[in-house]
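A.B. asks: The structure under discussion is supplied below as structure tokens; questions concerning it will follow.
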Amino acid sequence: MSNRTLKVDVLARVEGEGALHVKLKGDEVTDVKFKIYEPPRFFESFLIGRAYTEAPDITARICGICPVAYLLGASQAMEAACGVTVSPAIRDLRRLMYCGEWIESHALHIYLLHAPDFLGLPDAIQLSASHPDLVRRGLRMKKIGNHLMRVIGGREVHPINLRVGGFYSAPAREDLIAFESDLQWGLEAALETARLVGGFEFPSFERDYLFVALRHPDRYAIEEGRLVSSDGLDIAVSEFEDHFTEDQVRHSTSLTGAYRGRPYHVGPLARYSLNFEQLTPEAARIARELGLKPPVRNPFRSIAVRAVELVVAFEEALRLVRCYEPPHPPAVPVSPRAGRGTGCTEAPRGICYHRYTIDENGAITSARIQSPTCQNHPSIEGDLWAFAQENAALPDDELQWKLEQAIRNYDPCISCATHAIRVRVSRE
Amino acid sequence: MSARPRVIGVGCRDRGDDAAGLVVARGFADEAEVVLCERGGPDLLGALEGATEAVVVDATIGAGPPGTVRAFLPDELPSDVAFCSSHVFGLPAAIAVARELGALPPRLLVVGIEGESFELHAPLSATVERAIPEARARVRAWLSEGRRS
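Protein chains in written order, with the numbering used here: chain A, 1 to 428; chain B, 1001 to 1149.
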């Protein structure tokens, strides 16, 4: 019986630093570890004692790719704690900004990080050499997302215009309507993207995921909603901690999530499978054209689902820009009071949960933030275990390559999760 | 194409010496178009777009003692020096992609400053702080050379 260890000590094309170790005894998988080794960042601890108004800007520093997930989650939580409801116009502007974040994140992942896997290429450099027009298209889409973030948020990385209660200032209508032609181009490009990636060859592999996502009564959930699951859960965000836990594991600086003690799956597959009927019209049309029926349980098809969501983001951005009127006032007044508040949004990689308690002066007394990659950590390890077991007969280098892809399926944001990727497969 | 030279600072303002590139670039607002690039590779591609002449400044690991300032032409980027802003993919990959796309500025220099500490939420180390004038002098010399040619 031969022993094999497959290991990747620094995973490529993911956000942050992580590793993968897989051990096999003969053709039996005996151990799988998805290791996150970025140093812990202690955000939840150093929020204690800070003012409730500071939480959005401080937590936005957790991630340069998905800062809106932190800005909005923290703002919602503080608004809930202070008993404040924001206006529909502010909600729409938040959704529009979030579309910008989805566009830049999904375009980056699809074209520069994930597509090379399906085209048999090692990286974006080779992709640029063999398919320069594809890379240009991806970069142009990403740039539109960046610009949207900048116009609404003041800058594209760690935007500075969002606050508890809304925005410091609202962009002028002409500044947003100027995006219309870019967004129209982007919608067509997103449809082409979906056709391209929908035609890739996917490994035959499915898992019986327990999906968890936000659901909004009348739109594809992005910036708010109730929490629903594929086993019938339907709760307010404020009840999250009654059902979901997070635990430490020795091999990772990331906490790992559990739903009633079980692994669960968040992100594009979960959203798509739970909210398919709420896709925007063009997204629904392209999903049907691709034959991408929900639930999608093959994680390698996440690239196609991400492309459909890119269509959603461009369609929604176009709709919101066309009907935009600046909210007056741009923020509702918020006065602190002692209390507990929660917030949750759909970051590009899945739900991002925030909970804070504050005292009567608005000082933060406790904080909990659960990032999507923390929540997906057990699901990622489950995929790796199942895929390695089903494909144990593959040569080591081929198996290792597929296992790396299996991690990239999640577009994991390791920087967010530390509180990463190296791959190692051992055969005994 | 932009006629004004571009000085692109790459790095993260919250990670100690990783901010060195941003600090150097900020000093050129009067003589160049300054672009601050806080997400490394993918955003660097956008920052290079349309420039005819650019200097990219980033922190390095492995280029010598902390505070060492080195300049590289894009074809001469050493494989044993790590540029620090590698969110997803780093500076050398971004330059390679730009080259493949035909989007590399015709005149491009990369200036690296060897970092000492990359602690989260820390300021620049004293060693790197002392190296900032030398890095700026390198950038300024390159810009002057471009104006003469």
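Where is the CB? At the ideal position from N, CA and C, for every residue including glycine.
Touching or not, the segment 347–367 of chain A and the segment 375–390 of chain A, by the rule of three or more beta carbon pairs under 8 Å?
C.D. replies: yes
A.B. asks: Helix, strand or coil: how does DSSP classify R215(A) here?
C.D. replies: strand
A.B. asks: Decide if the segment 1106–1114 of chain B is in contact with the segment 1128–1140 of chain B; the criterion is three or more beta carbon pairs, one per stretch, under 8 Å apart.
C.D. replies: yes
A.B. asks: Whose C-beta lies closer than 6 Å to the C-beta of V1110(B) among residues of the same chain, with five residues either side of it excluded?
C.D. replies: V1056 and F1072
A.B. asks: Taking the beta carbon of H328(A) as the centre, do at least 16 other beta carbons fall within 10 Å, making it buried, or is it exposed?
C.D. replies: It counts as exposed.
A.B. asks: Could you list which residues in chain A have their beta carbon closer than 9 Å to that of G1046(B), in chain order?
C.D. replies: L139, K142, K143 and N146
A.B. asks: Where do the ends of the beta strand (DSSP E) carrying N275(A) lie?
C.D. replies: Not the beta strand (DSSP E): N275(A) falls in the alpha helix (DSSP H), residues P268 to N275.
A.B. asks: Buried or exposed for S1144(B), going by 16 or more other Cβ atoms inside 10 Å?
C.D. replies: exposed
A.B. asks: Excluding the 5 residues flanking E955(B) on each side, which residues of the same chain have their C-beta closer than 7 Å to its C-beta?
C.D. replies: This structure does not reach residue 955(B), given that chain B is present from 1001 up to 1149, and the question cannot be answered.
A.B. asks: Rounded to a whole number of angstroms, what is the C-alpha to C-alpha distance between E192(A) and G153(A)?
C.D. replies: Their Cα atoms are separated by approximately 28 Å.
A.B. asks: I want to see whether chain A comes within less than 9 Å of H1087(B), judged by CB atoms only; does it?
C.D. replies: Because H1087(B) sits at a pLDDT of 47, beneath the cut-off of 50, its placement in the model cannot be relied upon, and the following sentence gives the value as read from the coordinates. It does; some Cβ of chain A falls within 9 Å.
A.B. asks: Give me whichever residues DSSP pairs with G1016(B) in a beta bridge.
C.D. replies: Partner(s): none; G1016(B) has no beta bridge.
A.B. asks: Taking the alpha carbon of V29(A) as the point to measure from, which residue in L384(A), P412(A), K402(A) and C413(A) has its own alpha carbon closest?
C.D. replies: L384(A) is the residue among L384(A), P412(A), K402(A) and C413(A) whose C-alpha sits nearest the C-alpha of V29(A).
A.B. asks: Could you tell me whether the Cβ of G1102(B) comes closer than 9 Å to any Cβ of chain A?
C.D. replies: yes
A.B. asks: What residues of chain B sit near V157(A), judged by a beta carbon separation below 7 Å?
C.D. replies: E1038 and R1039
A.B. asks: Taking only the alpha-carbon atoms, compute the straight-line gap between G261(A) and R271(A) and give it to the nearest angstrom.
C.D. replies: 21 Å
A.B. asks: From the beta carbon of V1034(B), is the nearest beta carbon of chain A less than 9 Å away?
C.D. replies: no
A.B. asks: If you reduce the DSSP assignment to three classes, tell me which class Y52(A) lands in.
C.D. replies: helix
A.B. asks: In the structure shown, what three-state DSSP assignment does H419(A) receive?
C.D. replies: Only weak support exists for where H419(A) lies, its pLDDT of 33 falling under 50; the coordinates are left without a value.
A.B. asks: Looking at the structure shown, is V86(A) part of a helix, part of a strand, or coil, going by DSSP?
C.D. replies: coil
A.B. asks: Return no unless some Cβ of chain B is closer than 9 Å to the Cβ of L72(A).
C.D. replies: L72(A) does not count as touching chain B.
A.B. asks: Please state whether the Cβ-Cβ distance between L279(A) and V312(A) is less than 9 Å.
C.D. replies: Yes, the pair counts as a contact, with Cβ atoms nearer than the cut-off.
A.B. asks: Take G339(A) as the anchor and find which of T357(A), A347(A), F46(A) and A284(A) has the nearest alpha-carbon.
C.D. replies: T357(A)
A.B. asks: Using only alpha-carbon positions, find the residue among D123(A), G145(A) and C82(A) that is nearest to Y98(A).
C.D. replies: Closest by C-alpha distance to Y98(A), out of D123(A), G145(A) and C82(A), is G145(A).
A.B. asks: Could you give the residue range of the alpha helix (DSSP H) that holds Q375(A)?
C.D. replies: Taken as a continuous stretch (DSSP letters only), the alpha helix (DSSP H) holding Q375(A) covers P372 to E390.
A.B. asks: Run through DSSP, which three-state label would G339(A) get?
C.D. replies: strand
A.B. asks: Identify, in the order they occur along the chain, each residue of the same chain with its Cβ nearer than 7 Å to the Cβ of L399(A), setting aside the five sequence neighbours on each side.
C.D. replies: Contacts found: L6, A388, N391 and V425.
A.B. asks: T1127(B) lies in the alpha helix (DSSP H); which residues open and close that run?
C.D. replies: Note, T1127(B): alpha helix (DSSP H), A1126 to R1148.
A.B. asks: Look at the Cβ atom of D1058(B), then the Cβ atom of G1016(B), and state whether they are nearer than 9 Å.
C.D. replies: no
A.B. asks: For E188(A), report the span of its alpha helix (DSSP H) as first-last.
C.D. replies: E180 to G198
A.B. asks: Spatial neighbours of V296(A) within its chain, please: C-beta separation below 7 Å, excluding the five flanking residues on both sides.
C.D. replies: L269, Y272, S273 and V305
A.B. asks: Run through chain A and tell me which residues come within less than 8 Å of A1093(B), C-beta to C-beta.
C.D. replies: D123, A124 and I125
A.B. asks: Identify the contact partners of A77(A) in chain B, using a Cβ-Cβ distance below 9 Å as the criterion.
C.D. replies: Within 9 Å Cβ-Cβ: nothing; A77(A) doesn't reach chain B, min ~22 Å.
A.B. asks: Please list the partners that P348(A) has in chain B, where partner means a Cβ-to-Cβ separation under 8 Å.
C.D. replies: Ordered by position in chain B, no residue passes the 8 Å Cβ test against P348(A), which lies about 13 Å from the chain.
A.B. asks: State the Cα-Cα distance for the pair G362(A) and A81(A), rounded to the nearest angstrom.
C.D. replies: Going from the Cα of G362(A) to the Cα of A81(A) covers about 9 Å.
A.B. asks: Any beta carbon of chain B sitting closer than 9 Å to that of S366(A)?
C.D. replies: no
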